[in-house]
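A.B. asks:
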Amino acid sequence: MIERTVQILANERVADQYFRLVLRAPEIAPLVQPGQFAHVRILRLKEALLRRPFSIFQVEGDTFSILYKQVGKGTEVLAQMAPGETLSAIAPLGKGFAVPPPGGETPLLVAGGYGMAAMYLLAKRSPQKGIVFVGGRRQVDILCADDFRELGWEVRIATEDGSLGSKGLVTQPLRAELERTTAGRRLYACGPTPMLRAVGLLAEEFRVPAELSMDEHMCCGVGVCLACVIRVKSGDGWEYQRTCTEGPVFDARQIVWEGQP
Amino acid sequence: MIERTVQILANERVADQYFRLVLRAPEIAPLVQPGQFAHVRILRLKEALLRRPFSIFQVEGDTFSILYKQVGKGTEVLAQMAPGETLSAIAPLGKGFAVPPPGGETPLLVAGGYGMAAMYLLAKRSPQKGIVFVGGRRQVDILCADDFRELGWEVRIATEDGSLGSKGLVTQPLRAELERTTAGRRLYACGPTPMLRAVGLLAEEFRVPAELSMDEHMCCGVGVCLACVIRVKSGDGWEYQRTCTEGPVFDARQIVWEGQP
Amino acid sequence: MNLSVQLGSLQMQNPVTVASGTFGYGVEYAQLLDLNRLGAVTVKGIRLNPVRGNPTPRTVEVTSGMLNAIGLQGPGVDGFIEKYWPFLRSLNVPTIINIWGTSVEEYAEVARRFDAVEGVGALELNVSCPNIKEGGAQFGTDVNLLRQVVSACRQATRLPLITKLSPNVPNIASFARAAAEAGSDALSVTNSVPAMAIDSETRRPRLANVTGGLTGPCIKPIALKLVWEAARAVRIPIVGMGGIQTATDAIEFLVAGATAVAVGTANFYEPQTAFQVLAGLQEYMERHRMTDVRELTGSLRAGP
Amino acid sequence: MNLSVQLGSLQMQNPVTVASGTFGYGVEYAQLLDLNRLGAVTVKGIRLNPVRGNPTPRTVEVTSGMLNAIGLQGPGVDGFIEKYWPFLRSLNVPTIINIWGTSVEEYAEVARRFDAVEGVGALELNVSCPNIKEGGAQFGTDVNLLRQVVSACRQATRLPLITKLSPNVPNIASFARAAAEAGSDALSVTNSVPAMAIDSETRRPRLANVTGGLTGPCIKPIALKLVWEAARAVRIPIVGMGGIQTATDAIEFLVAGATAVAVGTANFYEPQTAFQVLAGLQEYMERHRMTDVRELTGSLRAGP
Ligand SMILES: Cc1cc2nc3c(=O)[nH]c(=O)nc-3n(C[C@H](O)[C@H](O)[C@H](O)COP(=O)(O)OP(=O)(O)OC[C@H]3O[C@@H](n4cnc5c(N)ncnc54)[C@H](O)[C@@H]3O)c2cc1C
Ligand SMILES: Cc1cc2nc3c(=O)[nH]c(=O)nc-3n(C[C@H](O)[C@H](O)[C@H](O)COP(=O)(O)OP(=O)(O)OC[C@H]3O[C@@H](n4cnc5c(N)ncnc54)[C@H](O)[C@@H]3O)c2cc1C
Ligand SMILES: Cc1cc2nc3c(=O)[nH]c(=O)nc-3n(C[C@H](O)[C@H](O)[C@H](O)COP(=O)(O)O)c2cc1C
Ligand SMILES: Cc1cc2nc3c(=O)[nH]c(=O)nc-3n(C[C@H](O)[C@H](O)[C@H](O)COP(=O)(O)O)c2cc1C
Ligand code: FES
Ligand code: FES
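Order-wise, the sequence lines are chains S, F, B and R. Under the working numbering, the first residue of the first sequence carries the number 371, and numbering increases by one thereafter. Under the working numbering, the first residue of the second sequence carries the number 371, and numbering increases by one thereafter. Under the working numbering, the first residue of the third sequence carries the number 737, and numbering increases by one thereafter. Under the working numbering, the first residue of the fourth sequence carries the number 737, and numbering increases by one thereafter.
(1) With burial defined as no fewer than 16 other Cβ atoms inside 10 Å of the residue's Cβ, what is the status of Arg636/S: buried or exposed?
(2) Run the proximity test for Phe407/S: is its beta-carbon closer than 7 Å to any non-hydrogen atom belonging to ligand 1?
(3) Which residue comes first and which comes last in the alpha helix (DSSP H) that contains Ile958/B?
(4) In chain F, which residues lie with their C-beta within 8 Å of the C-beta of Met977/B?
(5) Might you give, ordered along the chain, the residues of its own chain that have their beta carbon closer than 7 Å to the beta carbon of Glu854/R, omitting 5 neighbours on each side?
(6) Can you tell me the Cβ-Cβ gap for Cys954/R and Thr926/B, rounded? I've got them flagged as a contact below 8 Å.
(7) Between the stretch 941-950 of chain B and the stretch 987-1003 of chain B, do at least 3 Cβ pairs fall closer than 8 Å?
(8) Within 8 Å of any Cβ in chain R, is that where the Cβ of Leu619/S sits?
(9) Taking the alpha-carbon positions, what's the Leu457/F to Glu917/B distance?
(10) Give the secondary structure of Thr877/R by DSSP, where H, G and I count as helix, E and B as strand, and everything else as coil.
(11) Which word fits Arg601/S, buried or exposed, when buried means at least 16 other C-beta atoms lie within 10 angstroms of its C-beta?
(12) Any heavy atom of ligand 4 within a distance shorter than 7 Å of the CB on Leu808/R?
(13) Which term fits Glu988/R, buried or exposed, when burial requires 16 or more other beta carbons within 10 angstroms of its beta carbon?
(14) Return the residues of the stretch 411-424 of chain F that lie within a Cβ-Cβ distance of less than 7 Å from chain S, sorted by chain order.
(15) Would the stretch 556-567 of chain F and the stretch 477-490 of chain F be scored as touching if the rule is three or more Cβ pairs under 8 Å?
(16) Got a sec: does ligand 3 put a non-hydrogen atom nearer than 7 Å to the Cβ of Ala755/B?
(17) Where does Gly872/B fall in DSSP's three states?
(18) Spell out whether any CB of chain R is found under 8 Å from the CB atom of Ala461/S.
(19) Can you tell which of Val813/B, Gly762/B, Glu1006/B, Val879/B has its C-alpha closest to the C-alpha of Ala852/B?
(20) Return no unless some Cβ of chain S is closer than 8 Å to the Cβ of Thr794/R.
(21) According to DSSP, Cys560/F sits in a beta bridge with which residue or residues?
(22) Looking at Leu901/B: is its Cβ nearer than 8 Å to the Cβ of Ile934/R?
(23) So if I threshold CB-CB distances at 7 Å, which residues from the stretch 588-604 of chain F count as touching chain B?
(24) In chain order, which continuous runs of the beta strand (DSSP E) of length 3 or greater are located wholly inside the stretch 462-530 of chain S?
(25) Return helix, strand or coil for Gln809/B, following the three-state DSSP convention.
(26) Of the residues that make up the stretch 797-831 of chain B, which ones have a beta carbon closer than 8 Å to any beta carbon in chain F?
(27) Go ahead and label Gln767/R buried or exposed: buried means 16 or more other beta carbons lie within 10 angstroms of its beta carbon, across all protein chains shown.
(28) Looking at the secondary structure, which residues open and close the beta strand (DSSP E) in which Trp627/S lies?
(29) Taking CB distances under 8 Å as the criterion, tell me whether Arg788/B reaches chain F.
(30) Does Pro791/B have its Cβ less than 8 Å from a Cβ in chain F?
(31) Applying a beta-carbon distance threshold of less than 8 Å, which residues of chain F neighbour Leu768/B?
(32) Alpha carbons only, please: which of Asp878/B, Ser910/B, Gly876/B, Ala915/B is nearest the one belonging to Arg890/B?
(33) By the DSSP assignment, the alpha helix (DSSP H) with Gly976/R in it spans what residues?
(34) Can you pull the chain R residues whose beta carbon is under 9 Å from the beta carbon of Gly629/S, in chain order?
(35) Let me check you understand the geometry: is the CB of Val441/F closer than 7 Å to at least one non-hydrogen atom of ligand 8?
(36) The beta strand (DSSP E) with Val410/F in it runs from where to where?
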């Protein structure tokens, strides 16, 4: 984890409300592990003070990029920023996905919305190619499928309105695939909490290991404030663990879903 | 007094820290009297909420302009704004200068720094041409002397460092002129409070009428908050009057200088 | 869609008024605003005699807010009635007159004087001013003094009484109950929060009065909590205020338990705020299929 | 240039520490910051036993600040000593341990436990937590309870005691005096301000705990006034805090009467803040030709 002023190299709309932001960060880029995030301060956001967390999407030479959805005050201002302007980033943060060893498990990735961003590096660095299951409400919510295809991965798409891929939730094609076979497979998921919960239940049902990247509101991003906790099994009860430090990626079996949305 | 969203037509540096801002305000422009001000909201100033008061400098067709000095948070953001962007203005506000009637008194204007801005319309609308005494610390603080010369007015300059005009305070050439003659003359002044006080004292000494435009910190600008008061003689004592409503222009004889900087 | 609300016997056509001291005596805004569209006009605090107020600087801008120490400058009861009442009386919306005193007797006397004035909408008791008789304590932070003030005013007038509580107490519920028990018809929550600003370069206070009251969006979360606590303590209606600048803010106050809201500091930078709040509130009610603004009051969904 | 200050017998190499709960147990920032450059590290509140804390959401961003209701999650005295003390002990700067309890006895017991730990810098008594025994009152808003807590801790330890006062009282001077009389070596002023946020669309509170504490730049003017009032009431040193994000802010607190300052919420968005404050303070002192930071303390030039 380091803190740096990073310069915007590109900030382009990729679809609808989604933007791709490329940042020059020579000291951060080499450190990034799949599933880690950057905690970004948008200085122009004067009366909104806190940093915003974003998964690190791609790492390329001395840059890293994020894929963000414009949803509120911060991302709105971010979307207006131009190349040459700067941000402050603390990164890389958090415990990411465990990349399977060569000859190890075949990864099945499950993503919803900007959850795709957290999975790209995993796909890229995994010695085994696998399948990406992507879900979204409409066609525009299906992001960067081509980036995964270029890596030689298979992409299976589900949209709720059926405008791309199969109609329905992403867990339907995932279930179908798990029904085919579970041997040597490992699930990795990132997306809205209800999706993560559904993936967690499938993992339990089919007894496959699963790593879930949790999306909790954050404050400090580095483990000091205790804002971002989720319930994690411990002993014969549970304890709160920090999404920013012990997570964002947790073993699905460890998560206590009670109290989650 | 009306409130309008006004568009920036030009916003250019005229010297050092001074800028000229031209605003399209077809409904406001025709109402402006010399010495009145506009109360301007800079929406980009997120965590600084209050409007900033600026004298109305020139009125031209459906526009008015202000001449401002970059001194703090608001004027700094203002200086970065570009044509096409908008501000909110409540204007024209306050009681301005009494323009002398045709054949009436000859105006002697006294200005310091951006105080020049408040006097241009007076010079332009006065049937008698007079003399403008302008003071400042250095040459760069002497603003828009040419605008007054173009109106056919004589301009006498004093700078504290002697870099333009005579060396010293503006009240020195003014005193010299008053010593020559006071008959049929009327003083009008706008600038820093110590200068106004000195002009007030000269007016008393030479028994010439004087109108002073006072610079008080404002909040509402329209008379409701009572932030901007100065002490004004009343009966055999004094009362607080509002710079934004009863002023900014006051009869020098009425001002109680105690409690003023 | 019903927007009208009641504070005791005071009828308001909509729940949006303005905060005392941020709207002068109404007349100052008459050129800019159609005052008849407000729920009520609330005027600057009046005591018995004219008051000069504090030396300047009286206000200073701070992060997302401002401080003021105006010192309750005002024309006194007679001055007010002579200079401002004819205009206010001519409006179609009620006037809430904010009153104060330096003793229980003075509060009561001011209340008595306005009781005799035809057409006053309500009296708002500002109990956050220094109590000269009691040696620096404040009526608003001593629950017994508060009770005395409200009782004395209650005896002096049949006008609706709105007690404006101080934020500067650990337990607003007990002050709310004391005011209600002593005969207050409604509460205003909250007044400005005691605060201070210093110029680090000169090492001088930025206000001539050294300390002042903090207002504006920065205090909204504090005010909201006070409204919520007061609303759970009493059955009388509450006028919520403190940092309201949008309809969303106002709705939060209603949800926390307010029956009406007042726009204060925001008037200074955006005189249209009250009307923007009103328009946004109507839009919200339509979107949420509400037919009566009173459905919002106290509708907080707490618990999991 | 002398930057060192003392809080009772606690020596600090400079007057800048961090606020409890905004800096974890120090170790979390060790990768980003050179902790040895701080005046002291102040850690998150500890009670006797481990505490799970509140459900989420525990924080929410508001205008120029934030609310938190963490619920004092922590490892308890033993957990703290085992997990965090070896690291903190290895630093060259002192650690201030923030402690709390649900009874006078628990406070004293925690103080006693830390008295036996070699190398503790000072104990900061957080008295703004719910008092279970006394039925919902708070130690920090009842001057007698405050006195009892401080006395009991005083008897339990010779470590410097810093009593952290609640902002939520009308008269902080009497709390400051009570703490000093009961044996506190210093005061911390101030804790977070009780507040609340509501989501107008869902009409739910934004914190699972419904209410929380407001912190950040929005509370600076409130905190500054409390420091000024407390400093005039007592002779013991004060650690000023509440919204400090620049050296200018810190200098204002010193001028108001603080001997040291703590950076809180600003750590979350700018972990370098304490060092920026320190650098700016040195630059200011040079510019104003000051040789000792203690010249600033209480140097407010009030009066005309
Ligand atoms: C580990 C992690 C990785 C993330 N990765 C991405 C990503 O790759 N792309 C992307 O678009 N978004 C991502 N998010 C969500 C992103 O942080 C929020 O969309 C963003 O903070 C919204 O900021 P805003 O100012 O636009 O919204 P506002 O609603 O104005 O924000 C107000 C506050 O709520 C917080 N907040 C709002 N929504 C969320 C959310 N969903 N999660 C966490 N905090 C939130 C903000 O950080 C801020 O503190 C991630 C979140 C986490 C925790
Ligand atoms: C009637 C009147 C006419 C004015 N005309 C002009 C003009 O023509 N050109 C010009 O450059 N300036 C003029 N000023 C001064 C101008 O209002 C301030 O320079 C400006 O408000 C500074 O804003 P800021 O945000 O940059 O400074 P900041 O210091 O960041 O402002 C902080 C607060 O202090 C107030 N403030 C700071 N300086 C002054 C000041 N000198 N007078 C009043 N309020 C102040 C601001 O309005 C704001 O509320 C006039 C002031 C008044 C009262
Ligand atoms: C300049 C100013 C003057 C005020 N004068 C009074 C007053 O005379 N009587 C009163 O009860 N409250 C007074 N208040 C407090 C407001 O009525 C209101 O309670 C407070 O400003 C909080 O609301 P806001 O944050 O929306 O401004 C004044 C506030 C300001 C800013
Ligand atoms: C997330 C968070 C947790 C806190 N935890 C504690 C705590 O455990 N003990 C305590 O005394 N104060 C605690 N505080 C209060 C701070 O120490 C400090 O008094 C307050 O935040 C004001 O300073 P600031 O505005 O600079 O943040 C906490 C504050 C925050 C924001
Ligand atoms: S965000 Fe602060 S501990 Fe995780
Ligand atoms: S600025 Fe409000 S009365 Fe003049």
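Cβ atoms here follow ideal geometry from the backbone N, Cα and C, with glycine treated the same way. This structure is a prediction, so every number in the text was calculated from the model and none was measured.
C.D. replies: So, from the listed chains and residues:
(1) Residue coverage of chain S in this structure runs from 371 to 631, which leaves residue 636/S outside it and unanswerable.
(2) Translated into the one-based positions of the first sequence, residue 407/S becomes position 37. Under cutoff, so the answer is yes.
(3) Mapped onto the third sequence, residue 958/B falls at position 222. Its alpha helix (DSSP H) spans residues 956-969.
(4) Position 241 of the third sequence, counted from the start, is the residue given in the question as residue 977/B. Near Met977/B there are no residues of chain F at all, since even the closest Cβ is about 16 Å away, more than 8 Å.
(5) To locate residue 854/R, count along the fourth sequence from 1; it is residue 118. Around Glu854/R: no qualifying Cβ.
(6) One-based indexing of the fourth sequence puts residue 954/R at position 218. One-based indexing of the third sequence puts residue 926/B at position 190. That belief does not hold up - the Cβ atoms of Cys954/R and Thr926/B are roughly 15 Å apart, past 8 Å.
(7) no
(8) Residue mapping note: residue 619/S aligns to position 249 of the first sequence, counting from 1. Note that residue 619/S corresponds to Val in the displayed sequence, not to Leu. Not closer than 8 Å to any Cβ of chain R, the Cβ of Val619/S fails to qualify, so no.
(9) Within the second sequence, numbered from 1, the residue matching residue 457/F stands at position 87. Within the third sequence, numbered from 1, the residue matching residue 917/B stands at position 181. Distance between the alpha carbons of Leu457/F and Glu917/B: 49 Å.
(10) Taking the first residue of the fourth sequence as position 1, residue 877/R is located at position 141. Reduced to three states, the DSSP call for Thr877/R is helix.
(11) Stepping through the first sequence from its first residue, residue 601/S is reached at position 231. It counts as buried.
(12) Along the fourth sequence, read from residue 1 onward, the residue named residue 808/R stands at position 72. Yes, the beta carbon of Leu808/R sits closer than 7 Å to at least one heavy atom of ligand 4.
(13) Here residue 988/R is taken as the residue at index 252 of the fourth sequence, counted from 1. So Glu988/R counts as buried.
(14) Lys416, Glu417
(15) yes
(16) Position 19 of the third sequence, counted from the start, is the residue given in the question as residue 755/B. Answer for Ala755/B: yes, Cβ within range of ligand 3.
(17) Taking the third sequence and counting its residues from 1, one reaches residue 872/B at position 136. Annotation note: pLDDT 48 at Gly872/B (below 50); position unreliable, coordinate value reported separately. Gly872/B: coil per DSSP, three-state reduction.
(18) Counting from 1 along the first sequence, the entry for residue 461/S is found at position 91. Output row for Ala461/S: interface = no.
(19) Numbered from 1 along the third sequence, position 116 holds the residue referred to as residue 852/B. The residue with the shortest Cα to Cα distance from Ala852/B is Val813/B.
(20) As a position in the fourth sequence, residue 794/R is number 58, starting the count at 1. Checking the displayed sequence, the identity of residue 794/R turns out to be Arg instead of Thr. By this cut-off, Arg794/R is an interface position.
(21) Your numbering for residue 560/F matches position 190 in the second sequence. Beta-bridge pairing links Cys560/F to Ala481/F, Ser583/F.
(22) In the third sequence, counting from the first residue as 1, residue 901/B sits at position 165. In the fourth sequence, counting from the first residue as 1, residue 934/R sits at position 198. Contact: no.
(23) Cys589, Cys590, Val592, Gly593, Val594, Cys595, Leu596, Ala597, Val599
(24) 476-482, 501-506, 524-529
(25) Within the third sequence, numbered from 1, the residue matching residue 809/B stands at position 73. DSSP places Gln809/B in coil when its eight states are reduced to three.
(26) Glu797, Thr799, Ser800, Gly801, Met802, Asn804, Ile806, Gln809
(27) One-based indexing of the fourth sequence puts residue 767/R at position 31. Classification for Gln767/R: exposed.
(28) On the first sequence, position 257 is the one that residue 627/S refers to. Here Trp627/S belongs to no beta strand (DSSP E), and DSSP marks it neither H nor E.
(29) Numbered from 1 along the third sequence, position 52 holds the residue referred to as residue 788/B. Answer yes: the Cβ-Cβ gap between Arg788/B and chain F drops below 8 Å somewhere.
(30) The residue you call residue 791/B lines up with position 55 of the third sequence. Interface residue, yes.
(31) Taking the third sequence and counting its residues from 1, the one referred to as residue 768/B is at position 32. Simply Met371, Ile372, Glu373, Ile460, Val592.
(32) Working through the third sequence from its first residue, we reach residue 890/B at position 154. Comparing Cα positions, the closest option is Ala915/B.
(33) Residue mapping note: residue 976/R aligns to position 240 of the fourth sequence, counting from 1. Gly976/R -> not in any alpha helix (DSSP H); beta strand (DSSP E) instead, spanning 974-977.
(34) One-based indexing of the first sequence puts residue 629/S at position 259. Per Cβ cutoff of 9 Å: Pro791, Thr792, Ala944.
(35) Judged by which ligands are present, ligand 8 is missing from the structure shown, whose ligands are ligand 1, ligand 2, ligand 3, ligand 4, ligand 5 and ligand 6.
(36) Within the second sequence, numbered from 1, the residue matching residue 410/F stands at position 40. Per DSSP, Val410/F belongs to the beta strand (DSSP E) from 407-411.
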